[in-house]
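A quick write-up on the structure given underneath.
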Amino acid sequence: MSVMRGPLRGLPLADRAVFVVVGALVVIASLASRPEGSATGRGLDVIAVALLAAGVGFAALAARAAAMGALGTLVVIMVWYGLGYRSGLINLPFLIAFYLLGATGDRVRQLAVGGLAVALSLIGMLAAGNESASSAAAAIGWILAAILFGQVTHDRRALIAELEDRAARAEADRDREAERRVAESRLAIARDVHDVLAHTVSLMTVQAGVAQDALEHGRDGADKALQTIRSAGRDALGEIRALVSMLREGSASPDNAPVCTTETAC
530 MSVMRGPLRG
540 LPLADRAVFV
550 VVGALVVIAS
560 LASRPEGSAT
570 GRGLDVIAVA
580 LLAAGVGFAA
590 LAARAAAMGA
600 LGTLVVIMVW
610 YGLGYRSGLI
620 NLPFLIAFYL
630 LGATGDRVRQ
640 LAVGGLAVAL
650 SLIGMLAAGN
660 ESASSAAAAI
670 GWILAAILFG
680 QVTHDRRALI
690 AELEDRAARA
700 EADRDREAER
710 RVAESRLAIA
720 RDVHDVLAHT
730 VSLMTVQAGV
740 AQDALEHGRD
750 GADKALQTIR
760 SAGRDALGEI
770 RALVSMLREG
780 SASPDNAPVC
790 TTETAC
C-alpha cells in the first residue's frame, strides 16, 4: 500500500490557497443549500455528528495510508446520503481524502479507488431516484478533480525534487573539480620547489667541491666557486619566497610559478 507522509508539507503556497478556498466553498454551499430540518432531508443530529467525525478521522488517516483513508470516507459518505442527510459538510473530508490519494502518485490505486467511488456514486443516485444527471455529473467531477489536483501536486513536487537533486549534483561536481584543480596546483608547486632545491643543492655541492679542491692545491677559483654558491643560494631562496607568496595570495597556477635562472642551472 502506498504511504504518504505529510503530503501537505511540500504543497506550494498557491495550491494551499486553492485548497482552502475550495474547502470554504464546499462548507458555504452545504450550509446555504437544503437547510437543516427541511423536507428534503434529515437535519444534523447525533448520528450526523458521528459520521462527520468518522469522515474527518478517515481523511486524517489518508495522510498516512491514502487508499484506506479514501475508502473509509467513501463508506461514510454512502452511509450519510443513504440515511437521508443532505448537508454537504461530509463532502469536505471526502474530497480531502481523495486529494491525498491523488498526491501519492499511485495511478493503480487512484484508478481502483476512484473508479469504485464513481461507480458507487452513480449506483446510489440511481437507487435514490431523486437526483438529476447534472447532480451525478457534478459528484463525479468533484471526485475526479480532487484526484487530479493531488496528482498535479505530486508531479510538481517530484519535478522540484528532481531539479534540486540536479542542482546538488552539479554543485558537488563543481566542488570536486575545484578540489582537483587545487590538488593539481599543489602538485605543480611541490614539483617546482623540488626542482629549485634539487638543482640548487646540486650546483652548490659541485661548486663547494671546486672551492675545496682549489684551496687544497693552492689554485685560483675558490672565490669564484664561493660566489657561485652564494648566488645560487640567494636565487633559490628568492624563488621559494615567490612560491610561498603565491600560496598566500591563493594563486597556485603552474603558469605563475617562478622560472629557474641560468645561475641555478635549472
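Under our numbering, the first residue of the sequence shown carries the number 530, and numbering increases by one thereafter. Idealized CB from N, CA, C, for every residue including glycine. Remember, it's a predicted structure, so these values are computed and weren't measured experimentally.
key: Backbone CA spacing between residue 677 and residue 708 [nearest angstrom]   = Walking along the sequence shown from the start, residue 677 turns up at place 148. Walking along the sequence shown from the start, residue 708 turns up at place 179. The straight-line gap separating the alpha-carbon atoms of residue 677 and residue 708 is approximately 46 Å.
inquiry  = Would residue 591 and residue 629 be called neighbours here (beta carbons separated by less than 7 Å)?
reply    = Along the sequence shown, one-based indexing puts residue 591 at 62. Along the sequence shown, one-based indexing puts residue 629 at 100. Cβ distance < 7 Å, so residue 591 and residue 629 count as in contact.
task = Return the chain-ordered list of same chain residues with a C-beta closer than 6 Å to the C-beta of residue 565, the five sequence neighbours on each side being excluded.
result = As a position in the sequence shown, residue 565 is number 36, starting the count at 1. In this prediction, residue 565 scores a pLDDT of 44, lower than 50, which makes its location untrustworthy; no coordinate-derived value is stated.
ask   = What do you get for residue 765, buried or exposed, if any count of 16 or more other CB atoms within 10 angstroms of its CB means buried?
value = Taking the first residue of the sequence shown as position 1, residue 765 is located at position 236. It is buried - the Cβ of residue 765 has at least 16 other Cβ atoms within 10 Å.
query = Is residue 626 closer than 7 Å to residue 599 when the C-beta atoms are compared?
reply = Here the question's residue 599 lines up with position 70 in the sequence shown. Here the question's residue 626 lines up with position 97 in the sequence shown. Cβ distance < 7 Å, so residue 599 and residue 626 count as in contact.
ask   = By a C-beta neighbour count over all protein chains shown, 10 Å radius and 16 as the cutoff for buried, is residue 619 buried or exposed?
value = Residue 619 sits at position 90 when you count from the first residue of the sequence shown. So residue 619 counts as buried.
request  = Assign residue 721 to one of two classes, buried (16 or more other C-beta atoms within 10 Å of its C-beta) or exposed (fewer than that).
outcome  = In the sequence shown, the residue the question calls residue 721 occupies position 192. Buried is the call here.
inquiry  = If contact is defined by three or more beta carbon pairs under 8 Å, each pair taking one atom from either stretch, is the region 681-694 in contact with the region 734-744?
reply    = no
inquiry  = Within the continuous alpha helix (DSSP H) that includes residue 628, where are the two ends?
reply    = Within the sequence shown, residue 628 is the residue found at index 99, counting from 1. Here the alpha helix (DSSP H) through residue 628 covers 620-632.
request  = Can you tell me which of the three DSSP states residue 656 falls into?
outcome  = As a working mapping, residue 656 is identified with position 127 in the sequence shown. If DSSP states are grouped into helix, strand and coil, residue 656 belongs with the helices.
query = How big is the Cα-Cα spacing for residue 624 and residue 653?
reply = Your numbering for residue 624 matches position 95 in the sequence shown. Your numbering for residue 653 matches position 124 in the sequence shown. Those two C-alpha atoms are separated by around 18 Å.
Three-state class that DSSP yields for residue 568 in the structure shown = Position 39 of the sequence shown, counted from the start, is the residue given in the question as residue 568. Summary for residue 568: the model assigns pLDDT 45, below 50, so the residue's position carries little reliability, and this model does not support an answer.
ask   = Quick one: Cα of residue 761 to Cα of residue 744, how far?
value = Numbered from 1 along the sequence shown, position 232 holds the residue referred to as residue 761. Numbered from 1 along the sequence shown, position 215 holds the residue referred to as residue 744. Cα-Cα distance, rounded: 20 Å.
request  = Let me know the secondary structure DSSP gives residue 592 once reduced to three states.
outcome  = Residue mapping note: residue 592 aligns to position 63 of the sequence shown, counting from 1. Reduced to three states, the DSSP call for residue 592 is coil.
inquiry  = Given this structure, state the Cα-to-Cα distance separating residue 768 from residue 719, to the nearest angstrom.
reply    = For the purposes of this step, residue 768 is taken as the residue at position 239 of the sequence shown. For the purposes of this step, residue 719 is taken as the residue at position 190 of the sequence shown. Approximately 13 Å, taken between the alpha carbons.
ask   = If you compare alpha carbons, which of 699, 681 and 732 is closest to residue 632?
value = For this step, residue 632 is matched to residue 103 along the sequence shown. Among 699, 681 and 732, the Cα nearest to that of residue 632 belongs to 681.
message = Pull the bridge partners of residue 610 from the DSSP assignment, please.
response = To locate residue 610, count along the sequence shown from 1; it is residue 81. None; residue 610 has no bridge partner.
query = If we ignore side chains and look at the alpha-carbon of each, how far apart do residue 706 and residue 643 end up?
reply = On the sequence shown, residue 706 is found 177 positions in, with the first residue counted as 1. On the sequence shown, residue 643 is found 114 positions in, with the first residue counted as 1. Their Cα atoms are separated by approximately 50 Å.
inquiry  = Please report the straight-line C-alpha distance between residue 583 and residue 701, rounded to a whole angstrom.
reply    = Mapped onto the sequence shown, residue 583 falls at position 54. Mapped onto the sequence shown, residue 701 falls at position 172. Spanning the two alpha carbons is a distance of roughly 49 Å.
query = Is residue 563 helix, strand or coil when you go by DSSP?
reply = To locate residue 563, count along the sequence shown from 1; it is residue 34. Any reading at residue 563 is ruled out, since the residue's pLDDT is 49, under 50, leaving its predicted position unreliable.
request  = Using only alpha-carbon positions, find the residue among 613, 647, 649 and 595 that is nearest to residue 634.
outcome  = To locate residue 634, count along the sequence shown from 1; it is residue 105. Looking at the Cα atoms, 595 is the closest of the given residues.
query = Leaving out five residues before and five after residue 755 in sequence, what residues of the same chain have Cβ atoms less than 7 Å from its Cβ?
reply = Counting from 1 along the sequence shown, the entry for residue 755 is found at position 226. Counting only Cβ-Cβ distances below 7 Å, and skipping sequence neighbours, we find 740.
message = Could you compute how far the alpha carbon of residue 732 sits from the alpha carbon of residue 710?
response = Locating residue 732 in the sequence shown gives position 203, counting from the first residue. Locating residue 710 in the sequence shown gives position 181, counting from the first residue. If I take the Cα positions, the gap works out to 33 Å.
ask   = Under three-state DSSP, which class holds residue 573?
value = On the sequence shown, position 44 is the one that residue 573 refers to. Three-state DSSP puts residue 573 in coil, outside helix and strand.
Selection from 713, 667, 586 and 712 that minimises the alpha carbon distance to residue 601 = Translated into the one-based positions of the sequence shown, residue 601 becomes position 72. Nearest of 713, 667, 586 and 712 to residue 601, Cα basis: 586.
task = Kindly indicate which residue of 638, 636, 668 and 593 has the alpha-carbon position closest to the one of residue 651.
result = Stepping through the sequence shown from its first residue, residue 651 is reached at position 122. Among 638, 636, 668 and 593, the Cα nearest to that of residue 651 is on 668.
ask   = To the nearest whole angstrom, what separates the beta carbons of residue 614 and residue 577, a pair I think is in contact under 8 Å?
value = Taking the sequence shown and counting its residues from 1, one reaches residue 614 at position 85. Taking the sequence shown and counting its residues from 1, one reaches residue 577 at position 48. Indeed they touch by this definition, with Cβ atoms about 6 Å apart.
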